[in-house]
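At the far end of the sequence shown sits residue 541, using the numbering used here, and the numbering has no gaps. We put the CB at the ideal spot given by N, CA and C, even for glycine. Here the structure is laid out as structure tokens; the discussion comes afterwards.
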Amino acid sequence: MSFDLRRAEPGRPSVITWLVAVPAVVFAFVTVAVATDTSAVLRLDARVADRAYDVTAGHPGLVSFLDAVAIVFSNLSAAIALALVALYALLQRERAVAVWIVLSGVAAIGGNALLKLAFTRTRPSFDEPLYEIGGYSFPSGHSAGAAMFFTVAILVTIVLTGRGWRRRILITVFVLLAVGVGASRVFLGVHYLSDVVGGLAFGMAVTMGLWVLVVSSRTRLPHDLAVITGSGRKRAAVVINPSKVGDVEEFKARVRAVAEISGWTEPIWFETTIEDPGHGQANAALHEEVDLIVAAGGDGTVRAVCEEVARTGTAVGILPHGTGNLLARNLGIPLNTRDALDVAFGGQDRAIDLSTLETDSGANTTFLVMAGLGMDAAIMTGVNDQLKSKVGWLAYFVSGVKAARFPAMKVKIKVDDGEYRKFRARTVVVGNVGFLQGGIPLLPDAQIDDGKLDVVVIAPKRFIGWLAIIVRVVGRQKRTNERLDRLTGSTVVIKAEKPMPMQLDGDPVGEGQEIRATVQPGVLLVRVPVAPKPA
Numbered sequence: 007m008s009f010d011l012r013r014a015e016p017g018r019p020s021v022i023t024w025l026v027a028v029p030a031v032v033f034a035f036v037t038v039a040v041a042t043d044t045s046a047v048l049r050l051d052a053r054v055a056d057r058a059y060d061v062t063a064g065h066p067g068l069v070s071f072l073d074a075v076a077i078v079f080s081n082l083s084a085a086i087a088l089a090l091v092a093l094y095a096l097l098q099r100e101r102a103v104a105v106w107i108v109l110s111g112v113a114a115i116g117g118n119a120l121l122k123l124a125f126t127r128t129r130p131s132f133d134e135p136l137y138e139i140g141g142y143s144f145p146s147g148h149s150a151g152a153a154m155f156f157t158v159a160i161l162v163t164i165v166l167t168g169r170g171w172r173r174r175i176l177i178t179v180f181v182l183l184a185v186g187v188g189a190s191r192v193f194l195g196v197h198y199l200s201d202v203v204g205g206l207a208f209g210m211a212v213t214m215g216l217w218v219l220v221v222s223s224r225t226r227l228p229h230d231l232a233v234i235t236g237s238g239r240k241r242a243a244v245v246i247n248p249s250k251v252g253d254v255e256e257f258k259a260r261v262r263a264v265a266e267i268s269g270w271t272e273p274i275w276f277e278t279t280i281e282d283p284g285h286g287q288a289n290a291a292l293h294e295e296v297d298l299i300v301a302a303g304g305d306g307t308v309r310a311v312c313e314e315v316a317r318t319g320t321a322v323g324i325l326p327h328g329t330g331n332l333l334a335r336n337l338g339i340p341l342n343t344r345d346a347l348d349v350a351f352g353g354q355d356r357a358i359d360l361s362t363l364e365t366d367s368g369a370n371t372t373f374l375v376m377a378g379l380g381m382d383a384a385i386m387t388g389v390n391d392q393l394k395s396k397v398g399w400l401a402y403f404v405s406g407v408k409a410a411r412f413p414a415m416k417v418k419i420k421v422d423d424g425e426y427r428k429f430r431a432r433t434v435v436v437g438n439v440g441f442l443q444g445g446i447p448l449l450p451d452a453q454i455d456d457g458k459l460d461v462v463v464i465a466p467k468r469f470i471g472w473l474a475i476i477v478r479v480v481g482r483q484k485r486t487n488e489r490l491d492r493l494t495g496s497t498v499v500i501k502a503e504k505p506m507p508m509q510l511d512g513d514p515v516g517e518g519q520e521i522r523a524t525v526q527p528g529v530l531l532v533r534v535p536v537a538p539k540p541a
């Protein structure tokens, strides 16, 4: 059997988005409910736990069976099976699939362990326990591992087999097994229902999200990239954030090899510092009169380089090494370094918009992706850097749980020469692009080269209101109301009743009451994948 990744491409792209978003939303809902001790969830947990205990108690054979299920579907068993599947993928020269399998196992099992430590929820307690076990309860490790393992099994089955009844039967069996493993934890008396639901949702969301990031994006890239664009001297400078790229010398060797193959001379190297995230280095590169400046780092490094290179006519290549990498995602630039190098040295130039941002706190700068005021900025501010370095985007989720009760604020928003409109909002986001991680369309009409800024005003009344907003965002519904409104224009002014946290391309930039964002159309050239030739 051979891998064919095209088999996993759905007829409608939104299917993949839903498969990531739905379990993520379920996990978010359950997590917040557990973290805030929501009474309705606690009562349901207790009721289900008691009834499940009554069913199992007095049946030693059933207890032994459930114990066997726990052993067979343990995380150790899953890790061994995943290692074998990953090895098979490597033998088939499907490195991306192998990497995805390994990352899914590490993220689901390791992330679950970290979440247990974060929530420290005690397990169900009975006078005569059916099974002795230590550790914490939320989320269920067996459930997270089962969801991860069987999601991998389903996707591998899809890319290995054609359509037909065999595939449908296998997928059905895998789904039932995942649910069965989760249910066994409740009937064994070691987890609550919410632990199991949270674990299943977490395992699936992580695995599907990594599929989108590591595997699915590769199938959308053109097979034939141009080797060289433009003419004349082919000299490149590379601005490196050494804290992001790992072994700097090894990274330079990889860049040097691709540059040489693609017909470029030895790159000129610049490294960012804490004091200068890329502005000075980009300026120095421009003075060298290079034909291409490559930014290798996170969103902050990319923004600093682009801010300096704008309006010069020199193209910027992007090697994304951050946590968000939203600009790269929205431009179709691969996150895999080798593929991103192919685009940087052999892609085509695209003129995109840059936006300036002025605040009453004195922060006058630019942004490429999004700027925000309110809860989204509070999430960015509250991210634990140590946790972020260990678990990546999960750190934003943990911060989001803490910021879930960020209060609504009174704001006035003016677009271009219009009148101020009053809102009561939890968060206001001004965007140059439309999509967040996982393909979530926060600003579905935003285009990075349309000369316009898109604004979304989000104002749920209660926590349950977030669920309705998430459904509307993921479903790309055009309808607006006082809970979710959208605006579009070239200049956007936002005034808040009191100082609020602000963020710029995912980085916190302090607090302020007023921001003015203005789009600068087509002032920046960025190297992107070559568009497929029309048939």
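| Check | Outcome |
| --- | --- |
| Would a C-beta distance cut-off of 8 Å place leucine 347 and threonine 320 closer than the cut-off? | no |
| Would you decide whether tyrosine 426 is buried or exposed? Buried here means 16 or more other CB atoms lie within 10 Å of its CB. | exposed |
| Identify every residue that forms a DSSP beta bridge with isoleucine 358. | Leu530 |
| Using only the alpha-carbon positions, how far apart do leucine 360 and valine 108 sit? | 37 Å |
| Between Phe441, His285, Pro273 and Ala369, which has its C-alpha nearest glycine 330's C-alpha? | Phe441 |
| Distance check for serine 131 and serine 20, CA to CA, integer angstroms please. | 43 Å |
| Inspect the beta-carbon positions of threonine 307 and glycine 378 and report whether they are closer than 8 Å. | no |
| Could you give the first and the last residue of the continuous alpha helix (DSSP H) run that contains proline 29? | 20–41 |
| What three-state label does DSSP hand tryptophan 106 in the structure shown? | helix |
| Excluding the 5 residues preceding and the 5 following methionine 506 in the sequence, name in chain order all residues of the same chain whose CB lies nearer than 8 Å to its CB. | Leu379, Gly380, Ala383, Met415, Glu517, Gly518 and Gln519 |
| Using three-state DSSP, classify glycine 236 as helix, strand or coil. | With a pLDDT of only 43 at glycine 236, under 50, the local geometry of the prediction cannot be trusted, and no value is derived from it. |
| Helix, strand or coil for glutamine 519? Go by DSSP, reduced to three states. | strand |
| According to the Cβ coordinates, are alanine 104 and alanine 95 closer than 8 Å? | yes |
| Which ranges would you report for the alpha helix (DSSP H) in the segment 111–186 if only whole runs of at least 4 residues count? | 147–166 |
| Can you tell me which of the three DSSP states glycine 195 falls into? | coil |
| Going by DSSP in three states, threonine 62 sits in which element: helix, strand or coil? | helix |
| On a CA-only basis, which of Gly512, Ala288 and Ser222 is nearest arginine 101? Give me that one, please. | Ser222 |
| Does the distance from the CB of arginine 533 to the CB of valine 322 come in under 8 Å? | yes |
| Could you check which residue in Thr494, Ser110, Arg172 and Ala207 has the C-alpha nearest to that of glutamine 453? | Thr494 |
| Can you say whether glutamate 281 is buried or exposed, counting buried as having 16 or more other CB atoms within 10 angstroms of its CB? | exposed |
| Would you kindly check if the distance between the Cβ of methionine 210 and the Cβ of proline 29 is under 8 Å? | yes |
| Hey, out of Val196, Ala207, Val165 and Tyr198, whose CA is closest to valine 181's CA? | Ala207 |
| What residue range does the alpha helix (DSSP H) around glutamate 256 cover? | 254–267 |
| If you count every other CB in all the chains shown that lies within 10 Å of the CB of asparagine 438, and 16 or more means buried, which is it? | buried |
| Quick check on aspartate 73: does DSSP put it in helix, strand or coil? | helix |
| Taking 8 Å as the cut-off, does the segment 67–80 touch the segment 161–178 (at least 3 CB pairs, one atom from each stretch)? | no |
| Note down, in chain order, each residue of its chain lying with its Cβ closer than 7 Å to the Cβ of alanine 465, except the 5 sequence neighbours on either side. | Ala414, Phe429, Arg430, Ala431, Arg432, Glu488 and Arg489 |
| Output the boundary residues of the beta strand (DSSP E) element that contains threonine 497. | 497–510 |
| If you draw a straight line from the alpha carbon of phenylalanine 79 to that of glycine 141, how long is it in whole angstroms? | 18 Å |
| Which term fits isoleucine 175, buried or exposed, when burial requires 16 or more other beta carbons within 10 angstroms of its beta carbon? | exposed |
| Which same chain residues end up closer than 8 Å to alanine 55 when comparing Cβ atoms and leaving out the 5 residues on each side of it in sequence? | Pro130, Val192, Gly195, Tyr198 and Leu199 |
| Quick check on DSSP: helix, strand or coil for aspartate 282? | coil |
| How many angstroms separate the CA atom of leucine 531 from the CA atom of arginine 356? | 5 Å |
| Could you tell me which of Ile500, Asn342, Leu136 and Leu298 sits nearest to aspartate 460, measuring between CA atoms? | Ile500 |
| Which residues mark the beginning and the end of the alpha helix (DSSP H) in which leucine 442 is found? | Note, leucine 442: premise wrong, no alpha helix (DSSP H); not H, not E. |
| Quick one, are the C-beta atoms of alanine 310 and valine 515 less than 8 Å apart? | no |
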